[in-house]
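These notes are about the structure you will find just below.
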């Protein structure tokens with residue numbers, strides 16, 4: 415069952431001679447429960463791809479569908495709600511709300527959606543991620559690795575159709591990175607969570623079930 | 003109690019779900035829209051469960067045919083050698099007799115190995131035996147695993163080394179992890195050239211302990227890496243080597259059951275690193 419599908423996805427910036435083809439016909443699929451990494455150097459188009467997949471920007475042409483929904487069919491308001499319910503984001507700079515404690519940060523997307531967090535599920539997640547002792551702390555009192563674990567918990571708790579992780583270890587040292595990635599991998603196994611991780615780092619990408627390579631806005635076929 | 007419109011929509015949602023074509027109608031802040039999302043979530047989860055069950059069924063079918071295929075060869079061989087032995091006994095050629103007996107023993111060992119692997123696999127899968135990880139030192143694990151691979155390694159003059167194992171602790175089940183790591187080290191020995199080195203190294207992270215087994219063997223192509231953990235998977239390139247394709251499958255299942263994971267880094271022609279990550283706390 416494919417949860418994410420793109421078809422001939424294109425994003426061009428500018429016109430004429432100045433035109434930049436950030437994405438130039440990207441088609442791929444991600445199955446439910448799969449952990450896929452998208453690797454590319456800077457300027458390869460991988461960040462543009464993530465923005466398209468997450469409905470953060472609209473493509474020039476082509477299609478993105480998540481959980482059976484073609485994103486182009488949605489108006490901005492609906493797209494915003496769609497993102498909140500269906501997509502969990504993990505960013506390089508964690509994006510936690512500094513004035514809320516760890517628990518409040520984790521349940522924020524669920525509460526924003528007017529739902530009640532599934533406390534039993536939440537407990538399993540924070541136990542798995544090793545942050546159950548930190549629920550009352552403020553983000554600024556945590557290390558970078560711990561903050562990113564909170565961000566992963568926040569992405570998991572709403573049981574999104576897919577988690578998009580953009581360079582999740584970009585701000586972490588290599589030792590902490592390994593831990594955070596390990597937890598991401600275990601979470602994907604344990605909760606059958608579909609994850610797409612974008613990175614420039616080959617080493618980090620190896621942890622995924624499958625690697626998609628992108629270069630000059632196109633997917634690289636490997637023999 | 004409900005407006006007619008809501009009831010109509012609910013009815014339509016059920017109808018669509020029955021036909022397997024439910025799609026959310028809108029995404030807004032209304033309760034019905036939230037309910038639709040939840041409904042969709044429930045449907046995809048049960049759909050996934052159904053798909054997995056189907057896959058499992060197919061797996062079992064495949065498993066049964068694999069098992070009968072795998073056991074048939076040694077059985078046929080044993081029968082054949084036994085018949086030859088019977089004939090040869092009448093002619094009384096001691097050298098020939100001994101060779102045939104050896105062959106029978108070899109085939110029996112192979113069958114025995116296969117059946118043991120299958121038993122372990124089924125016990126793990128049906129949760130008959132539970133993997134019970136505890137916090138303990140890793141040295142006994144390394145010692146047992148290296149000891150177990152030693153005789154095969156000696157045949158190929160391969161040295162297996164490990165330093166500083168006594169410094170580390172991890173959260174694991176000794177009996178099963180011995181099996182998991184043992185399979186990885188056995189593979190390293192099997193697919194390495196004679197006279198090369200297999201190195202076990204340990205690295206500590208905040209949450210995990212990484213036990214790395216490095217060889218200088220044939221390596222694995224990147225596209226193949228996810229497949230090597232599949233049941234009965236054998237790479238085209240190694241078909242001539244003995245094996246049934248259960249070792250890595252077992253290894254991954256065992257490590258998973260302890261909330262650990264395995265990472266493979268390989269360069270074809272240069273060698274492979276298997277990193278096995280164990281939790282450092284319960």
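Chains as they are written, first to last, in the numbering used here: chain A, 415 to 637; chain B, 3 to 284.
The beta carbon of each residue, even a glycine, is placed where N, CA and C say it ideally should be.
Here the structure is a predicted model, which is why all the values come from computation and not from measurement.
Original post:
Using a beta-carbon distance below 8 Å, is residue 234 of chain B in contact with chain A?
Top reply: Taking the second chain and counting its residues from 1, one reaches residue 234 of chain B at position 232. Output row for residue 234 of chain B: interface = no.
Subject >> Straight-line Cα distance separating residue 126 of chain B from residue 151 of chain B >> reply: Within the second chain, the letter at position 149 stands for residue 151 of chain B. Within the second chain, the letter at position 124 stands for residue 126 of chain B. Rounded to whole angstroms, residue 151 of chain B to residue 126 of chain B spans 23 Å at the Cα level.
Original post:
For residue 638 of chain A, which of helix, strand or coil comes out of DSSP?
Top reply: As displayed, chain A neither begins before 415 nor continues past 637, which places residue 638 of chain A out of reach and without an answer.
**OP:** Leaving aside the five residues before and after residue 258 of chain B along the sequence, list all residues of the same chain whose C-beta is less than 7 Å from its C-beta, in chain order.
**Re:** Working through the second chain from its first residue, we reach residue 258 of chain B at position 256. Counting only Cβ-Cβ distances below 7 Å, and skipping sequence neighbours, we find nothing.
Original post:
From A/549, A/499 and A/436, pick the residue whose C-alpha is nearest to that of residue 536 of chain A; which is it?
Top reply: As a first step, residue 536 of chain A must be located in the first chain, where it is residue number 122. With distances taken between Cα atoms, residue 536 of chain A lies closest to A/549.
**OP:** Flag this pair as touching only if the region 96-113 of chain B and the region 76-83 of chain B have three or more C-beta atom pairs under 8 Å; answer yes or no.
**Re:** yes
Subject >> Burial state of residue 159 of chain B, where buried means 16 or more other Cβ atoms lie within 10 Å >> reply: Position 157 of the second chain, counted from the first residue, corresponds to residue 159 of chain B. With fewer than 16 other Cβ atoms within 10 Å, it is exposed.
Subject >> Chain-ordered neighbours of residue 105 of chain B on chain A, where CB pairs are closer than 8 Å >> reply: As a working note, residue 105 of chain B is residue 103 in the second chain. The premise fails here: residue 105 of chain B is roughly 42 Å from chain A at the closest Cβ pair, so nothing lies under 8 Å.
**OP:** Could you tell me the distance, in whole angstroms, from the CA atom of residue 576 of chain A to the CA atom of residue 447 of chain A?
**Re:** The sequence position of residue 576 of chain A within the first chain is 162, counting from 1. The sequence position of residue 447 of chain A within the first chain is 33, counting from 1. About 9 Å.
Original post:
Which residues in chain A sit within 8 Å of residue 50 of chain B, going by Cβ to Cβ distance?
Top reply: Taking the second chain and counting its residues from 1, the one referred to as residue 50 of chain B is at position 48. Within chain A, the residues near residue 50 of chain B are 415, 446, 447 and 606.
Original post:
Is the distance from the Cβ of residue 495 of chain A to the Cβ of residue 468 of chain A below 8 Å?
Top reply: Here residue 495 of chain A refers to the residue found at position 81 of the first chain. Here residue 468 of chain A refers to the residue found at position 54 of the first chain. Not in contact: residue 495 of chain A and residue 468 of chain A (Cβ atoms no closer than 8 Å).
Original post:
So, are the CB atoms of residue 444 of chain A and residue 416 of chain A less than 8 Å apart?
Top reply: Taking the first residue of the first chain as position 1, residue 444 of chain A is located at position 30. Taking the first residue of the first chain as position 1, residue 416 of chain A is located at position 2. In contact: residue 444 of chain A and residue 416 of chain A (Cβ atoms closer than 8 Å).
Subject >> Interfacial residues, the region 464-492 of chain A to chain B, with Cβ spacing under 8 Å >> reply: 481, 482, 483, 488, 491 and 492
**OP:** Taking residue 570 of chain A as the query, report the chain B residues whose CB atoms sit under 9 Å from its CB, ordered along the chain.
**Re:** Within the first chain, residue 570 of chain A is the residue found at index 156, counting from 1. Ordered by position in chain B, no residue passes the 9 Å Cβ test against residue 570 of chain A, which lies about 14 Å from the chain.
Original post:
What in chain B is Cβ-close to residue 559 of chain A, meaning under 9 Å?
Top reply: Stepping through the first chain from its first residue, residue 559 of chain A is reached at position 145. Ordered by position in chain B, the residues that pass the 9 Å Cβ test against residue 559 of chain A are 208 and 209.
Original post:
Is residue 627 of chain A near residue 453 of chain A, with beta carbons less than 8 Å apart?
Top reply: For the purposes of this step, residue 627 of chain A is identified with residue 213 of the first chain, where counting begins at 1. For the purposes of this step, residue 453 of chain A is identified with residue 39 of the first chain, where counting begins at 1. Yes, Cβ-Cβ distance for residue 627 of chain A and residue 453 of chain A is below 8 Å.
**OP:** Mind checking which residues open and close the beta strand (DSSP E) that includes residue 613 of chain A?
**Re:** The residue labelled residue 613 of chain A in the question sits at position 199 within the first chain. 609-613 is the extent of the beta strand (DSSP E) around residue 613 of chain A.
**OP:** State yes or no: is the C-beta of residue 482 of chain A within less than 8 Å of the C-beta of residue 36 of chain B?
**Re:** Within the first chain, numbered from 1, the residue matching residue 482 of chain A stands at position 68. Within the second chain, numbered from 1, the residue matching residue 36 of chain B stands at position 34. Not in contact: residue 482 of chain A and residue 36 of chain B (Cβ atoms no closer than 8 Å).
Original post:
Per DSSP, residue 214 of chain B is paired with what?
Top reply: Here residue 214 of chain B corresponds to residue number 212 of the second chain, with the count starting at 1. Answer by DSSP bridge pairing, in chain order: B/203 and B/277.
Original post:
Which residue comes first and which comes last in the alpha helix (DSSP H) that contains residue 562 of chain A?
Top reply: Here residue 562 of chain A refers to the residue found at position 148 of the first chain. Note, residue 562 of chain A: alpha helix (DSSP H), 558-571.
Original post:
To the nearest angstrom, how far is it from the Cα of residue 265 of chain B to the Cα of residue 613 of chain A?
Top reply: Counting from 1 along the second chain, the entry for residue 265 of chain B is found at position 263. Counting from 1 along the first chain, the entry for residue 613 of chain A is found at position 199. If I take the Cα positions, the gap works out to 17 Å.
Original post:
Using a Cβ-Cβ cut-off of 6 Å (strictly less than) and excluding sequence neighbours within five positions of residue 574 of chain A, which residues of its own chain qualify?
Top reply: Residue 574 of chain A sits at position 160 when you count from the first residue of the first chain. Taken in chain order, the residues that qualify are 500, 501 and 502.
**OP:** Indicate whether at least one CB of chain A lies closer than 8 Å to the CB of residue 198 of chain B.
**Re:** Counted from its first residue, the second chain places residue 198 of chain B at position 196. Closer than 8 Å to the CB of residue 198 of chain B there is not a single CB belonging to chain A.
Subject >> Cβ-based burial, residue 473 of chain A [other Cβ within 10 Å; buried from 16] >> reply: Locating residue 473 of chain A in the first chain gives position 59, where the first residue counts as 1. Buried, by the Cβ-count rule.
Original post:
Under a three-way DSSP split, which group does residue 632 of chain A fall into?
Top reply: Working through the first chain from its first residue, we reach residue 632 of chain A at position 218. The answer is strand: DSSP assigns residue 632 of chain A an E or B state.
**OP:** Identify the contact partners of residue 529 of chain A in chain B, using a Cβ-Cβ distance below 8 Å as the criterion.
**Re:** Against the first chain, residue 529 of chain A aligns to sequence position 115. Per Cβ cutoff of 8 Å: 36.
**OP:** Going by DSSP, name the residue or residues bridged to residue 605 of chain A.
**Re:** The residue labelled residue 605 of chain A in the question sits at position 191 within the first chain. The partner list for residue 605 of chain A (beta bridge, DSSP) is empty, contrary to what the question assumes.
Original post:
Quick one: is residue 599 of chain A buried, meaning 16 or more other Cβ sit within 10 Å of its Cβ, or exposed?
Top reply: For this step, residue 599 of chain A is matched to residue 185 along the first chain. With 16 or more other Cβ atoms within 10 Å, it is buried.
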